[in-house]
Each structure stands twice: as structure tokens, then as C-alpha cells.
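Colleague: Dropping a structure here in C-alpha cells format, bear with me for questions.
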Amino acid sequence: MSIVRVALDVPLPTLFDYTVAEGVSVEVGQRVIVPFGKRQLVGVVMECVATTDVSAERIKPVTQVLHDSAPLSAGLLDLLRFCSDYYRFPIGQTVLSALPVRLRSDKPVISKPILSYRLSANGAALDVESFPKRKVVQRRILAKLAEHPCNIAQIKTLSATVGAQLRALVQEGWVESFTSVHLPSASSALKVRNPLSNKFDAELSGRTVNSIRQHTFDNAHTLTSEQQLAVNAVTQAGGYACFLLHGITGSGKTEVYVHLMHEVLQRGGQVLLLVPEINLTPQLENYFRSRFPDVNLVSLHSGLSEGERLHNWLQAQIGAAQIVLGTRLSVFAELPALALIIVDEEHDSSYKQQDGLRYSARDAAIFRANQRGVPIVLGSASPSLESYHNAQSGRYQMLNLTGRALAAASLPTVRSINITQSVMHHGISENLLREIALRIERKEQSLLFINRRGYAPVLMCAGCGWLSGCKHCAGKMVLHLNEQRLRCHHCGYQIRVPNACPDCGSADLIPVGSGTQRVESVLHERFPDARILRVDRDSTRNKRAWQTMREQIHANEVDILVGTQMLAKGHDFPELTLVGVLNPDSALYSSDFRAPEKLFAQLVQVAGRAGRADKPGEVLIQTAFPDHPLFRALQTHDFEGWAASQLAERQMAGFPPFMFQAMLRAEGKIETELYAYLNQARAAAIELNHPVEILGVVPAALPRRANHLRAQLLIQATSRKALQQFLRAWQSRLDALPAAKLRCSLDIDPLEF
Ligand SMILES: [Zn+2]
Ligand SMILES: [Zn+2]
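In my numbering, the protein residues as written are 2 to 754.
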């Protein structure tokens, strides 16, 4: 009798043993269905063993071995084991949460063939120029298909309204559909080519014909000498090495990525490209497809349908997808021929998952590159201090891009506007308004950046000082004037804006402070003829809204943009020459020690939007502290100086990257239970007598959310190893504490406090 140890999606830090019937073959990494209590669950076989501690009467047999997808590789299982151990999260939940939803269910994995589209004979004979000009989208589709056949995901990157247009083209006979992709049958042996050899196994099952060996590479761009040095360094790595590619905005980091990818694809390797934001994937997908028109590129992110995600995941698993472009979850994709990992905007906090398995995809990617012996490139215009410190100390190799790729494009000039000495109009200074007027005259675009949505962050009563607090949270309700509502951004609770103060009845209610809506309305008053576009989470709630807005901006149908950090990330707007930054000051003196680092990164990014083409850009920062070192460093584009001073401060204060941290958080409705748990956890930590610092118990930054009280305990140590040793010992003590009515979580390398 053989025994398998199975990972299951249950919150227990263990594997579960089952027997396998005589004659049934089962491999490590295979999915199985097993009985668990009264349910049947899908799990993954982690080990095959000969003996078990479970008694013969209690052990149950595996119900079914699933053969509809290839077993997970030993390498992926190792990565997941590492994550489970390092982030102190149950192994079963770690393994299952890394899989596409369809692979977690017992429904058979039938990957539907994905429809592709190509020009029909008539379509191929058609001159696109003769097609009616007003059918803009249809013309775009025809032009794209004239280059090469596309699947629906590729066509969708052309426009928000592509579905109906594509159907029309099919109906009129210009375009035809066909199925192009075949997945391997369960029985076919999976052959994987060795990325380091040029010999190519053309029998690799399931490969589409057009993705073999040779690929077309749009190599119209000549590299600058700095870019070439970076490409050479990574290409010559010959195994694991971690590179920090520090390139100012507009320096052409993407071009370095493209050349590195080209080199890897030529050798038959797969590339994993991680990006922080789901919103950025369509345009990046589009871009990389245009550079590698006949390479099989798939994306992996939570915005895909379950079917699409499964399909793309399987394409990566069989080695058919040569480039995988995805958000953090794609770090767990199977990539048999992985030869290069790129983490773009490595400093971005979106790489850290904030619930469940609280992993950092950047750090997991580094582990994976090391495990697989392949190079990894971390790219950023403002690297995280952790990565920068690692590069300084020689753990990573630093690659610098100090010049803008287009010779004509110079860095934007950055100036501060002292708001204590300026005429202000609802939070916007007269100086800034005049600069905007100038841009409107020149038919150029301006962007006002304010990291706060809504009209005003709080409503106040002038009579008694009442503030619009949320009745479920310790936070304030934000005024959304357009919708006439007060909304809590922490718990989602909302009410109509009251006509009078709930405490004293006064009708004199004043919005305090500014958000995007208020800035928008001030601008409308001042520039009634200007075309103003607000971009924040409220205005882009609709799935395609943001893409449509981007098209408007590119078509120069917008004069002034008002937006949150959504606008700061990665978008190129060639007509944009002025960026105004409103209200950055609160981050300067925040209790969160990372707040200045985040602000600096944000401002570098948003400043990078200005003057990317041949027009010089200008950035104006409204602040009460124009001489603050952070703004000085921005003005002189001095990341090195700024990073050095921040690191010195962190070292003095004993913060990361000089310390390694773990945060135990708990939430509950009853204060005594909450604090009893955390105090016992603290006592257990002290008793263990490890070389760690124990800080707390203290209330969380938002001490009450959605009627739950929140508190936390911080542990820190001078080495990762010391912290991990402590956590392993502490975990079993924590598991033994009564916490039935509490929500508890342990967060390793926390980013939020
Ligand atoms: Zn009042
Ligand atoms: Zn609330």
C-alpha cells in the first residue's frame, strides 16, 4: 500500500495522508480528489511515502487521481513550500491559492480552444485605406490582422468597443475565425527544451506553429551605450544574478527589457515579466506584441475570466507561452523553460499581497530566479530602499540609466510653490492656475496630481465642530459631492449628505480639504471652456472606462487631467508638459516610516509624465515646506543623495532594511478578548528568549474598522535568520492561544503599519 501526503485548501498548517489503491499510479504534483470530513476536496500530492502515523482504521483512500493537467513541477512545489514556511501560512492554502480557480475545482479541466482571427481572402485583398474613414476601430482591426492573426485578447487591446466591430467584420466577410491552440492530452509525455541549449525539441506538444525558434523582432531602436552595458551585463550573467536597473523616467528601461527578452527567446527560453498594476497590462501587452509580433505572449492577472486564466496558465506550463506578462500572482506560474525574470517598478507596494498568503511577489521572484539559476532584473526609477541597499552592499548588481533615451527629451524642471505665501483658490495656487492657462493656450496638456478621491476628506459643522466620522470606523467619511453622499473609504459605509449638523442642527456644513472632485470643480469654474478629465477609482469603476480615457488623452481631446496615483504609473502622454502636485505634505511627517519613501517614488513617477516627447516638462509642487530635503532632492534629480540620507535615518532609528520585521495583527469586537490574545502572544514571545525586539501591544493606525477593534504587536530582529528562527518557535505557541472570535494574521516584512 502506498501513502500520499496531500495539500488541501484548509486553514491547518499540515499535509493530509491518504492511501492509494493497488495498481493506481500517482505522482508528486498531481491533483487528486480526497474525502475530507463530509466533503470531497481537490488537493495536490506533495509527497509519496511508505508509512504514516495515521492509524489503519482512520486513513482513507484517495477518491480519484486527476489526469487532466500535467503534475506541478518539483520546482514550483519547492517555491510554494518556501513561501508557506517563510510567510507562516498553511501549506495547503499556499499551494491551492497559487493555482487558477479551475484547477482548484473537481470539474474537468477542459481548456476551450481559443478562437483566433485572420483576414479572409477578401479581407487580404482589401486596401485598408479604401475602407470608410469613420470606421476607426474596424480599420484598426484590419490593419492589425494584416500584420498577423490575433486572438480575441490581442484584438481587445485595440479599443474598448472591439467586440461588436469585430463581429461586423466577420459578418461582412473581411475577417474569419479559426482555432489555433491545442493543449496536450493527459497521456502525452511533456517534453521541455533546455533553455541553455540551442537544440530545440520540435516535438514539444501543443506548440503553435508560429512560435518556433525564429521570431520576428522589431529592432528599430538603437541602444544607448548605457542601455547596451545593461543588456550585456545581464546576458553574460550565466546563471543566477540579481540586477537592479535604476533608470530615470524616460531612460528606456523597457528597451533594455525588450533586448533581453529577444536574447532569451532566441535561445528558446521563457520570460516572466512582472508588473505591479493590472491597469498597465493591456498597454504593455500591446507594446510587447508589437515588438515581438509572432511570439506567443500570455498575460496572467485577476482581471481575466477563469477560462482565460486557466488557458494562459496551461500555455505557460507546457512551454508554449514564451513571454508571461502578469501581476504578482503570475510569480507562481509554471515555466519549464524559464530563463529570465523581470520585475518592473520593483518598488511598488502592489507586489505585496495584503491578505491570505502575505507574500511579496518581488521577493518570491528573487527566490525563484535563484532556485532556477537564471538572472533577474528589478527595474525602477526610484528603487525601494531595500533593493537599493542590497545593490550598495553588493548583493545585487547595480545598472544605471542616467540619460533620457531620446536625446531631445530633457528632464522636467521641478519647482516648489510655497502655499503659505501664495494666493490660494480652494487648494490650488494662483501661480499654478496661470501655468495651466498658458498650457491651454499652447494646446498642451496639464496634470494635477492629488492622492485623494472624492470632493473633500471630511465635512465639518461650523457651529459646533462636528466632523463626519464613520459610525463603524475610527476614520472620517469622505464627501462625494457629485453623488451627494458621505462615504467611508475604509468599510464602504455611506449615507446621504445631511442637510444640517446631526449634533446641533446648524445648516452651516463646510467641506474641509480637497479631493479630486473639488479640484475638478475649481478648474471648471476657472476654465469653463477647457476639457477636464478626472481619473480616479470612482471615475474608472466601469471596466473599460480607463482605457477609453487613455484613448481620449492620446487623441489630445483633454486639456487638464485631474487624478490620483492611477495617473502616475507608467503612462506616456506626449502632449503633457505641466504636472502640478497638490497636498503632498502629510506624508512628510507621517508616523509610517515608509511614507517619505512612497511619496518620493510617487512624485518621481508623476514628474516623469511631464515632457516625455520633444517638449520640455515642468513640475510644480505646492507645499508649505519648500526647503524640505525631499523636494530639494526632486529638484536636483538626486536619488542617490536622497536614498543615502534616508538609509542613514533608517539605520539610526533601527528600521528596515537594517531590521527584519514581522507584525502580528488581531481584530475583534470585544476589546478585552483582543488585548488578552495579543498580551498572551507577547508573553509567549518574551518567554522564548530569542534575540528579537518585541514592540507593542499597540492599537493599529486605524484602531477601529467596520466595527472591529484592531491592535498589533511588532517583532523585529537584526537578521532574517534570527527572525525566522523565532517565528518558527513562536508559531506553535500562537496556535495554542484561544482566539476563536478574533481575526489574526502574521505579516512577514510588512509594508503597512
Ligand atoms: Zn454642529
Ligand atoms: Zn467605515
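Glycine included, C-beta positions come from ideal geometry on N, C-alpha and C.
Taking 8 Å as the limit between beta carbons, can you name the residues of its chain near residue 145, skipping five residues before and five after?
Modeller: In the sequence shown, residue 145 corresponds to position 144, counting from 1. So the list reads 151, 155, 156, 159, once near-sequence residues are dropped.
Colleague: Mind the definition here: the stretch 55-66 touches the stretch 20-35 only if three or more C-beta pairs lie below 8 Å; say whether that holds.
Modeller: At 8 Å Cβ cutoff, the stretches touch.
Colleague: Considering only C-alpha positions, which residue in the set 17, 39, 43, 686 is nearest to residue 50?
Modeller: Sequence index remark: in the sequence shown, residue 50 carries index 49 (1-based). Among 17, 39, 43, 686, the Cα nearest to that of residue 50 is on 17.
Colleague: Please confirm whether residue 651 has its beta-carbon closer than 8 Å to some beta-carbon of chain C.
Modeller: The displayed structure is made up of one protein chain only, and chain C is not part of it.
Colleague: Do you know how far the Cα of residue 349 is from the Cα of residue 277?
Modeller: The residue labelled residue 277 in the question sits at position 276 within the sequence shown. The residue labelled residue 349 in the question sits at position 348 within the sequence shown. When rounded, the distance between both Cα atoms is 6 Å.
Colleague: Between residue 569 and residue 39, what straight-line distance do the alpha-carbon atoms span, to the nearest angstrom?
Modeller: Indexing the sequence shown from 1 puts residue 569 at position 568. Indexing the sequence shown from 1 puts residue 39 at position 38. Between residue 569 and residue 39, the C-alpha separation is close to 50 Å.
Colleague: Based on the DSSP output, what are the partners of residue 1 in its beta bridges?
Modeller: Outside the shown range of the chain, which is 2 to 754, sits residue 1, and nothing can be said about it.
Colleague: Provide the residue span of the beta strand (DSSP E) that contains residue 668, from first to last.
Modeller: Translated into positions along the sequence shown, residue 668 becomes position 667. That run of the beta strand (DSSP E) goes 661-669.
Colleague: Following the continuous beta strand (DSSP E) through residue 748, name the residue where it begins and the one where it ends.
Modeller: Position 747 of the sequence shown, counted from the start, is the residue given in the question as residue 748. It spans 744-749 - the beta strand (DSSP E) in which residue 748 sits, taken as one unbroken run.
Colleague: Return the CA-CA distance between residue 307 and residue 106, expressed in angstroms with no decimal places.
Modeller: By 1-based counting over the sequence shown, the position of residue 307 is 306. By 1-based counting over the sequence shown, the position of residue 106 is 105. Going from the Cα of residue 307 to the Cα of residue 106 covers about 11 Å.
Colleague: Going residue by residue through the stretch 584-640, where are the continuous alpha helix (DSSP H) segments of at least 4 residues, counting only ones entirely within it?
Modeller: 596-608, 630-636
Colleague: Am I right that residue 724 and residue 663 are in contact with their C-beta atoms under 8 Å? What's the rounded C-beta distance?
Modeller: In the sequence shown, residue 724 corresponds to position 723, counting from 1. In the sequence shown, residue 663 corresponds to position 662, counting from 1. Indeed, because the Cβ distance is near 6 Å, the residues count as touching under 8 Å.
Colleague: Determine the closest residue to residue 228 out of 600, 400, 30, with distance taken between C-alpha atoms.
Modeller: As a working mapping, residue 228 is identified with position 227 in the sequence shown. Among 600, 400, 30, the Cα nearest to that of residue 228 belongs to 400.
Colleague: Look at the Cβ atom of residue 21, then the Cβ atom of residue 45, and state whether they are nearer than 8 Å.
Modeller: Here the question's residue 21 lines up with position 20 in the sequence shown. Here the question's residue 45 lines up with position 44 in the sequence shown. It is not a contact, given that the beta carbons lie outside the stated cut-off.
Colleague: DSSP beta-bridge partners for residue 96?
Modeller: Position 95 of the sequence shown, counted from the first residue, corresponds to residue 96. For residue 96, which the question treats as bridged, DSSP gives no partner whatsoever.
Colleague: Looking only at DSSP bridge pairs, what is residue 401 linked to?
Modeller: Residue mapping note: residue 401 aligns to position 400 of the sequence shown, counting from 1. Residue 401 pairs with 247.
Colleague: Hey, is residue 707 close to ligand 2, as in C-beta under 7 Å from one of its heavy atoms?
Modeller: Here residue 707 refers to the residue found at position 706 when the sequence shown is read from its first residue. Result yes, Cβ under 7 Å from ligand 2.
Colleague: Between 604, 576, 474, which lies nearest to residue 585 when the distance is taken from Cα to Cα?
Modeller: As a working mapping, residue 585 is identified with position 584 in the sequence shown. Comparing Cα positions, the closest option is 604.
Colleague: Tell me whether the stretch 313-333 and the stretch 293-300 touch, counting them as touching only if at least three CB pairs, one residue from each stretch, are closer than 8 Å.
Modeller: yes
Colleague: Check whether the stretch 333-349 touches the stretch 376-386, taking contact to mean three or more Cβ pairs, one atom from each stretch, closer than 8 Å.
Modeller: yes
Colleague: Give me, in chain order, the residues of the same chain whose beta-carbon lies closer than 8 Å to that of residue 4; leave out the 5 immediate sequence neighbours on both sides.
Modeller: Translated into the one-based positions of the sequence shown, residue 4 becomes position 3. Closer than 8 Å at the Cβ level, and outside the excluded window around residue 4, lie 18, 19, 20, 21, 49, 50, 51, 52, 53, 60.
Colleague: Going by the C-beta, is residue 481 closer than 7 Å to any heavy atom of ligand 2?
Modeller: Counted from its first residue, the sequence shown places residue 481 at position 480. No, since every heavy atom of ligand 2 falls outside the 7 Å radius drawn around the Cβ of residue 481.
Colleague: Flag residue 455 as yes when its Cβ comes closer than 7 Å to any non-hydrogen atom of ligand 2, and as no otherwise.
Modeller: Translated into the one-based positions of the sequence shown, residue 455 becomes position 454. Checking every heavy atom of ligand 2 against the Cβ of residue 455, none is found closer than 7 Å.
Colleague: Going along the chain, which residues of its own chain have a beta-carbon closer than 6 Å to the beta-carbon of residue 744, five neighbours each way excluded?
Modeller: Walking along the sequence shown from the start, residue 744 turns up at place 743. Within the same chain, residue 744 has close Cβ partners 668.
Colleague: Could you tell me if the beta carbon of residue 469 falls within a distance shorter than 7 Å of some heavy atom in ligand 4?
Modeller: With respect to ligand 4, the structure shown offers nothing to examine, as its ligands consist of ligand 1 and ligand 2.
Colleague: Name the residue from 36, 284, 336, 360 whose alpha carbon lies nearest to the alpha carbon of residue 83.
Modeller: Looking up residue 83 in the sequence shown gives position 82. Here the closest residue by C-alpha is 360.
Colleague: Count the C-beta pairs between the stretch 479-495 and the stretch 724-740 that are closer than 8 Å, then say yes if the count reaches three, no if not.
Modeller: no
Colleague: Mind checking residue 518: buried by the 16 CB within 10 Å criterion, or exposed?
Modeller: For the purposes of this step, residue 518 is identified with residue 517 of the sequence shown, where counting begins at 1. Buried is the call here.
Colleague: What residues are listed by DSSP as bridge partners for residue 377?
Modeller: Taking the sequence shown and counting its residues from 1, one reaches residue 377 at position 376. DSSP, once it has assigned bridges, lists 243, 342 as partnering residue 377.
Colleague: Any heavy atom of ligand 1 within a distance shorter than 7 Å of the CB on residue 537?
Modeller: Residue 537 sits at position 536 when you count from the first residue of the sequence shown. No; taking the cut-off as 7 Å, the Cβ of residue 537 has no heavy atom of ligand 1 nearer than that.
Colleague: Where are the beta strand (DSSP E) runs, 3 residues long or more, that stay fully inside the stretch 405-487, in chain order?
Modeller: 414-419, 446-450, 459-462, 479-481
Colleague: Within the same chain, show all residues whose beta-carbon is closer than 8 Å to that of residue 128, passing over the 5 residues directly before and after it, in chain order.
Modeller: In the sequence shown, the residue the question calls residue 128 occupies position 127. Excluding sequence positions up to five before and after residue 128, its CB lies less than 8 Å from no other CB in the same chain.
Colleague: Have a look at 641, 168, 328 and flag the residue whose alpha-carbon is nearest the alpha-carbon of residue 390.
Modeller: Residue 390 sits at position 389 when you count from the first residue of the sequence shown. Answer by Cα proximity: 641.
Colleague: Measuring only the C-alpha atoms, how far is residue 100 from residue 74?
Modeller: Here residue 100 is taken as the residue at index 99 of the sequence shown, counted from 1. Here residue 74 is taken as the residue at index 73 of the sequence shown, counted from 1. If I take the Cα positions, the gap works out to 13 Å.
Colleague: Could you name each continuous alpha helix (DSSP H) segment of 4 residues or more that falls completely within the stretch 677-739, going from the start of the chain to the end?
Modeller: Qualifying alpha helix (DSSP H) stretches, in chain order: 721-736.
Colleague: Can you say whether residue 609 is buried or exposed, counting buried as having 16 or more other CB atoms within 10 angstroms of its CB?
Modeller: Here residue 609 refers to the residue found at position 608 when the sequence shown is read from its first residue. Burial call: buried.
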